[in-house]
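Below: the structure, in structure tokens.
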Amino acid sequence: MMTADTDTVQTLPAREKILQATLDLIPDWGADRITHRLVSAEADVSPGTITYHFDTIDALLSDAFRLYMADYKAGLDEALGAKPLQSSHDIVQFLMMLIATSPERADLARIEYAMIAYAQRDELLLQEVTAWAELLPARLFGALRRLGDPHSDLSASRLVRYCRGIEFDVLSRGISVDLVEVEGELLSLLDI
Numbered sequence: 001m002m003t004a005d006t007d008t009v010q011t012l013p014a015r016e017k018i019l020q021a022t023l024d025l026i027p028d029w030g031a032d033r034i035t036h037r038l039v040s041a042e043a044d045v046s047p048g049t050i051t052y053h054f055d056t057i058d059a060l061l062s063d064a065f066r067l068y069m070a071d072y073k074a075g076l077d078e079a080l081g082a083k084p085l086q087s088s089h090d091i092v093q094f095l096m097m098l099i100a101t102s103p104e105r106a107d108l109a110r111i112e113y114a115m116i117a118y119a120q121r122d123e124l125l126l127q128e129v130t131a132w133a134e135l136l137p138a139r140l141f142g143a144l145r146r147l148g149d150p151h152s153d154l155s156a157s158r159l160v161r162y163c164r165g166i167e168f169d170v171l172s173r174g175i176s177v178d179l180v181e182v183e184g185e186l187l188s189l190l191d192i
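Sequential numbering of the sequence shown, starting at 1, is according to UniProt numbering.
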């Protein structure tokens, strides 16, 4: 999980505490408004500690996004290891757990969209974000193929595009979506 409680943050090494504080700030501030001072206040470290670990704000943001992607991959693998996707219902429930369905549940989506926008300026980070963006479709493809979907690749892409569209609606319009409606629409996108 991306947000740690205060006791946990206090026990982290300074570098990790700074990266976590940066990620905690992005949903409300966006990547472009992050400053050394803002992060130092959130992480409870001096601005000098931040510049010791990160030469520039760009280096800080890039490493924070790398931490997010690594945590996302670990969380995705852990969740699928604990509860494999064995039916279309499992796939839909898993996706509904991941996507932002209301403004109150949109912090991770805000980080992801900020990361995607920020990566447009950094070719190396963009390559990493592109690889990260393939994680969910690849996991869905594998599950759909095991379930006998004749068009697993298309179905996985369709599901992810639909989910990203939901998140875009939630973020851009500040609306909550009807969960029963979303569940039905996701199920209708499957060929199994």
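For glycine and all other residues, C-beta sits at the position ideal for the given N, C-alpha and C.
Under the rule that 16 or more other beta-carbon atoms within 10 Å means buried, what is residue i, buried or exposed?
| i | result |
| --- | --- |
| Pro13 | exposed |
| Ala59 | exposed |
| Lys83 | exposed |
| Glu112 | buried |
| Tyr52 | exposed |
| Asp77 | exposed |
| Asp28 | exposed |
| Ala119 | buried |
| Ala138 | exposed |
State the Cα-Cα distance for the pair residue i and residue j, rounded to the nearest angstrom.
| i | j | result |
| --- | --- | --- |
| Ser88 | Ala117 | 32 angstroms |
| Leu147 | Ala106 | 30 angstroms |
| Asp149 | Arg173 | 34 angstroms |
| Ile57 | Arg33 | 10 angstroms |
| Arg121 | Glu183 | 36 angstroms |
| Gln86 | Thr35 | 45 angstroms |
| Ala143 | Asp55 | 42 angstroms |
| Ser102 | Leu23 | 20 angstroms |
| Met44 | Arg164 | Per the sequence presented here, residue 44 reads as Asp, with Met not at that position. If you take the alpha carbons of Asp44 and Arg164, they lie about 34 angstroms apart. |
| Gly75 | Asp169 | 25 angstroms |
| Arg66 | Arg161 | 23 angstroms |
| Arg37 | Glu16 | 17 angstroms |
| Glu185 | Asp90 | 14 angstroms |
| Ile192 | Ala79 | 22 angstroms |
| Ala100 | Gly48 | 36 angstroms |
| Met1 | Leu140 | The predicted position of Met1 is uncertain, since its pLDDT is 44 and thus under 50; no value can be drawn from it. |
| Glu104 | Glu123 | 32 angstroms |
| Gly81 | Gln127 | 26 angstroms |
| Phe94 | Ser157 | 15 angstroms |
| Met96 | Ala131 | 22 angstroms |
| Tyr68 | Ile175 | 25 angstroms |
Using beta-carbon positions only, say whether residue i and residue j come within less than 7 angstroms of one another.
| i | j | result |
| --- | --- | --- |
| Ala64 | Leu98 | no |
| Arg145 | Ser152 | yes |
| Ser40 | Ile50 | yes |
| Lys73 | Leu159 | no |
| Val180 | Ile166 | no |
| Val129 | Leu187 | no |
| residue 243 | Ala21 | Lying before the first or after the last residue shown, residue 243 is absent from the chain, which here runs from 1 to 192. |
With residue i and residue j assumed to form a contact (beta carbons below 8 angstroms), what rounded beta-carbon distance in angstroms separates them?
| i | j | result |
| --- | --- | --- |
| Leu189 | Ala109 | Not a contact, Cβ separation roughly 20 angstroms. |
| Gly30 | Ala114 | 6 angstroms |
| Ser46 | Leu125 | That pair is no contact at about 27 angstroms. |
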